[in-house]
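Right, one structure below, let's go through it.
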Amino acid sequence: MFLSLVSVQAWSVIFFLMSHTVDEKSLIRTTAPVSKVSCLNTEGLQSSTDVVNVQKVLDEVNHFYQKHDEIKVSHGISHVMAVYQHAVKAISCHVPPLSSTESMEIQVTALLHDVDDKKYFPNHGNYENARSILKASNVPDDSCGKIVRMIQLVSCSANGNHVPQDIIDEGAFHLLIPRWADRLEAVGAIGVLRCYQFNREHDMEFSTANSPRAQTEAEVWNFATQERFEAYQARGGSSTDMISHYYDKLLHVACPPNELVRNPYLEQKAKESSKELLEVCLRYGKTGTVDEEYIQDIAKKLLVRIK
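Below is the structure:
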């Protein structure tokens, strides 16, 4: 008898919580938020080989992030595990049900999506870290190519919300599960915290004289133009300050069209994802100052620690 998917997930999270240390500007989720979507198909991985593949990658990923302590917490193992959990939930309620191999490939992609992050590995043009982990984990060659392609599809700065034509033609929207799972961690309440944490880690400005100061929700969306999103992508995914980043990227990825997502769990989570972003923008618009107390209150509600 082989380990169940639930066992793999549970022991991986326990291992992370027991082994991972954080720095003085730590951000760690101490409990996972409860999903509002009931996912009935919980099998996911049905092959013992696929379960072993995921377990091996999980072990390698834990080792990778322990080794590379230059990777800041906002993009570290806690983020990876959160994306992984979103992907598992999306797999479990996908229609039609995914095969065991497809489920394995998506889960592995979620675990590896940031291991070649250009912020930390600017010279990795061929996903060297991901390929090394796949090889060490004995993931089959046929799956490796699909996993690397799904990793390529994740980046917002490279892809925006664009969906390749072959995915549309073949109805292979499951290949985008890692993308949308990652986007969920960039928006909503947790996205507010991660963006705030990133700015603190890199000593960036919270706002500048050029940051939009919307007074109403309609004005927020008026400032968040498609041209602004395209300019953000054209310059490689960088913003001058935290508030500008909301308008450059976060508001655009908060609510992707359902016809592109095609997954009930991801669609439901996306619907919930813009409220906190809007609140931060409106509070700044009215005062000209980022309301850090509001952000700290979010952290308390999510049982997340920020220092």
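Here the sequence shown stands for residues -24 to -1, 1 to 283, numbered as in mature numbering (1 follows the signal peptide of the UniProt record, and there is no 0).
We treat Cβ as the ideally placed atom computed from N, Cα and C, and that holds for glycine.
Look up residue i in the DSSP assignment and say whether it is helix, strand or coil.
i, result
"V37", "helix"
"R259", "helix"
"R281", "strand"
"R189", "coil"
"residue 321", "Because the chain in this structure spans residues -24 to 283, residue 321 falls outside the shown range and cannot be described."
"N198", "helix"
"D142", "helix"
"V266", "coil"
"M57", "helix"
"residue 356", "As shown, the chain starts at -24 and ends at 283. That puts residue 356 outside it, with no answer to give."
"V64", "helix"
"E181", "coil"
"V91", "coil"
"E161", "coil"
Counting along the chain, where does the alpha helix (DSSP H) carrying residue i start and finish?
i, result
"I82", "S76 to L88"
"I127", "D117 to Q128"
"R170", "G164 to E177"
"I47", "Taken as a continuous stretch (DSSP letters only), I47 belongs to no alpha helix (DSSP H), as it is neither H nor E."
"V237", "N234 to V237"
"Q209", "Q202 to A210"
"A230", "Here A230 belongs to no alpha helix (DSSP H), and DSSP marks it neither H nor E."
"N135", "C132 to N135"
"Y96", "Unbroken run through Y96: none, as it is neither H nor E."
"Y241", "P240 to K247"
"E104", "E104 to A112"
"H70", "Run containing H70: none; DSSP gives neither H nor E here."
"M218", "M218 to H221"
Among the options, whose alpha-carbon lies nearest the alpha-carbon of residue i?
i, options, result
"Q202", "Q244, G136 and H150", "G136"
"S79", "P154, G264, E181 and E177", "P154"
"T263", "R176, G121, I219 and T25", "I219"
"D179", "D158, K277, D217 and L169", "D217"
"A86", "E104, L74 and V124", "V124"
"H138", "I274, L236 and P240", "L236"
"L226", "S250, R238 and A58", "S250"
"E193", "P240, S119 and E252", "E252"
"V37", "V84, R238 and F199", "V84"
"P29", "S76, V130, Q272 and N239", "According to the sequence as given, residue 29 is Asn; it is not Pro. If we check each option's Cα against that of N29, S76 comes out closest."
"W197", "D224, E206 and N105", "D224"
"L21", "K32, D35, H39 and L74", "L74"
"H39", "V91, W156 and L129", "V91"
"D35", "S187, L88, S24 and G164", "L88"
"V163", "Q128, T265, C132 and I109", "C132"
Could you give the distance in angstroms between the alpha-carbon of residue i and the alpha-carbon of residue j?
i, j, result
"Q191", "A210", "28 Å"
"L254", "Q244", "18 Å"
"E81", "A134", "21 Å"
"Y208", "V256", "20 Å"
"residue 305", "S50", "For the chain, the structure presents residues -24 to 283; residue 305 sits outside this window and is missing."
"H228", "E161", "14 Å"
"Y270", "C171", "14 Å"
"G213", "D45", "23 Å"
"V93", "R107", "Reading off the sequence, residue 93 comes out as Asp, not Val. The alpha-carbon atoms of D93 and R107 are separated by roughly 13 Å."
"Q173", "E146", "39 Å"
"K48", "N175", "11 Å"
"L278", "H55", "14 Å"
"A66", "D158", "12 Å"
"C120", "M126", "10 Å"
"D273", "D118", "46 Å"
"R238", "F149", "7 Å"
"residue 284", "A246", "Residue 284 falls outside the range modelled here, since the chain spans only -24 to 283, and no answer is possible."
"P188", "A200", "9 Å"
**Item:** Touch test, the stretch 97 to 117 against the stretch 64 to 72, Cβ-Cβ under 8 Å, three pairs minimum
**Value:** no
**Message:** Below 8 Å, how does it come out for the stretch 93 to 110 and the stretch 142 to 162: are there three or more Cβ pairs, yes or no?
**Reply:** no
**Request:** Report yes or no: do the stretch 220 to 234 and the stretch 167 to 184 share at least 3 C-beta pairs separated by less than 8 Å?
**Result:** yes
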